[in-house]
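Numbering (the numbering used here), first residue to last: 230 to 542. The beta-carbon is built from N, C-alpha and C at its ideal position, and this holds for glycine as well. No experiment lies behind these values; they were computed from the predicted model shown. All remarks here apply to the structure that follows.
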């Protein structure tokens, strides 16, 4: 088949790498045109030429001479270059634009998305974070037909993998990339032989996870230490934050403890051997955190004037 791939990061890059060793032809790589316009696209192309093709779909395309198309409005002018390469199928992996009917109708066979959860659970833009925050013991990758909804199309195939108790959003991402790369060629072979067939999702069992940013990443010290620890593991880009003396601090790594205390949540209990904070239940040891102003710097530093009894907001 002639396949166009829409995606930006590591998931799309691993799909491209796997497809390059299959019997299928990659005819175009589609990038998010809403995030970059004008000179920013030229700069992105320049940096992508020295980037890793295993981490960036754009790097992979440029290094392998594959046409790069930018998607934004999805009008006829923008879709014309894609129409000229005559794709049989559009494969999506890690693409943040919801595809509209004009592009869904363009490939001869249809469109398939590679979603990094076991649909219908954890629809939406944050499956890597969502499975960690939900304390799941299993996740996977779902190849499904793309319709006009968000991750609602018929399921073609699911690949499962187990999750350990210390998973992070990054580690889940790596597992999903490996699972998708190992199965994408056989999924494409099956579609070529049998057409675009799938099993309808159980929409009653569906969950949707919104994008995590801003206040959604604000650490609520009233919650349990376990929840705060999962938030830190599950949200690694961007990271959870709190404030100390009006300065924003981001958590990178913490350890949850079941220690009892009578202090208000958010109170600094100890400075050594590690800074320890009271949670709603248990305590949090701050292993690594940083403040962003004026430049990113390890927190706490001596000039931060951190003291036992301080309240973190």
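Helix, strand or coil at residue i according to DSSP, with G and I counted as helix
i: residue 481; result: strand
i: residue 426; result: coil
i: residue 305; result: helix
i: residue 351; result: coil
i: residue 532; result: helix
i: residue 517; result: strand
i: residue 284; result: coil
i: residue 501; result: coil
i: residue 311; result: helix
i: residue 420; result: helix
i: residue 357; result: helix
i: residue 216; result: With the chain covering only 230 through 542, there is no way to say anything about residue 216.
i: residue 399; result: helix
i: residue 440; result: coil
Proximity of residue i and residue j at Cβ, strictly below 8 Å
i: residue 358; j: residue 463; result: yes
i: residue 557; j: residue 457; result: The displayed coordinates of the chain run from 230 to 542. Any statement about residue 557 would go beyond what the structure contains.
i: residue 334; j: residue 352; result: no
i: residue 406; j: residue 512; result: no
i: residue 300; j: residue 259; result: yes
i: residue 409; j: residue 240; result: yes
i: residue 483; j: residue 449; result: no
i: residue 303; j: residue 279; result: no
i: residue 528; j: residue 519; result: yes
i: residue 430; j: residue 349; result: yes
i: residue 491; j: residue 503; result: no
i: residue 539; j: residue 447; result: no
DSSP beta-bridge partners of residue i
i: residue 495; result: Looking at the DSSP assignment, residue 495 forms no beta bridge with any residue, so it has no partner.
i: residue 464; result: None, per the DSSP bridge assignment.
i: residue 390; result: 368
i: residue 251; result: Residue 251 is not bridged to any residue.
i: residue 240; result: Paired residues: none, contrary to the question.
i: residue 446; result: According to DSSP, which records beta bridges pairwise, residue 446 is partnered with nothing at all.
i: residue 259; result: 235, 298
Residue i versus residue j: straight-line alpha-carbon distance, rounded
i: residue 451; j: residue 371; result: 36 Å
i: residue 412; j: residue 465; result: 27 Å
i: residue 328; j: residue 394; result: 35 Å
i: residue 486; j: residue 251; result: 49 Å
i: residue 338; j: residue 277; result: 31 Å
i: residue 391; j: residue 346; result: 12 Å
i: residue 489; j: residue 510; result: 8 Å
i: residue 453; j: residue 253; result: 50 Å
i: residue 365; j: residue 495; result: 27 Å
i: residue 467; j: residue 257; result: 30 Å
i: residue 255; j: residue 289; result: 11 Å
i: residue 442; j: residue 354; result: 12 Å
i: residue 292; j: residue 285; result: 11 Å
i: residue 440; j: residue 363; result: 15 Å
i: residue 262; j: residue 330; result: 18 Å
i: residue 522; j: residue 530; result: 12 Å
Supposed close pair residue i, residue j - CB separation, criterion 8 Å
i: residue 236; j: residue 321; result: 6 Å
i: residue 470; j: residue 459; result: Actually they are not in contact, since the Cβ atoms of residue 470 and residue 459 sit about 16 Å apart, beyond 8 Å.
i: residue 373; j: residue 344; result: 6 Å
i: residue 316; j: residue 296; result: Actually they are not in contact, since the Cβ atoms of residue 316 and residue 296 sit about 11 Å apart, beyond 8 Å.
i: residue 384; j: residue 318; result: About 16 Å separates the two Cβ atoms, so there is no contact after all.
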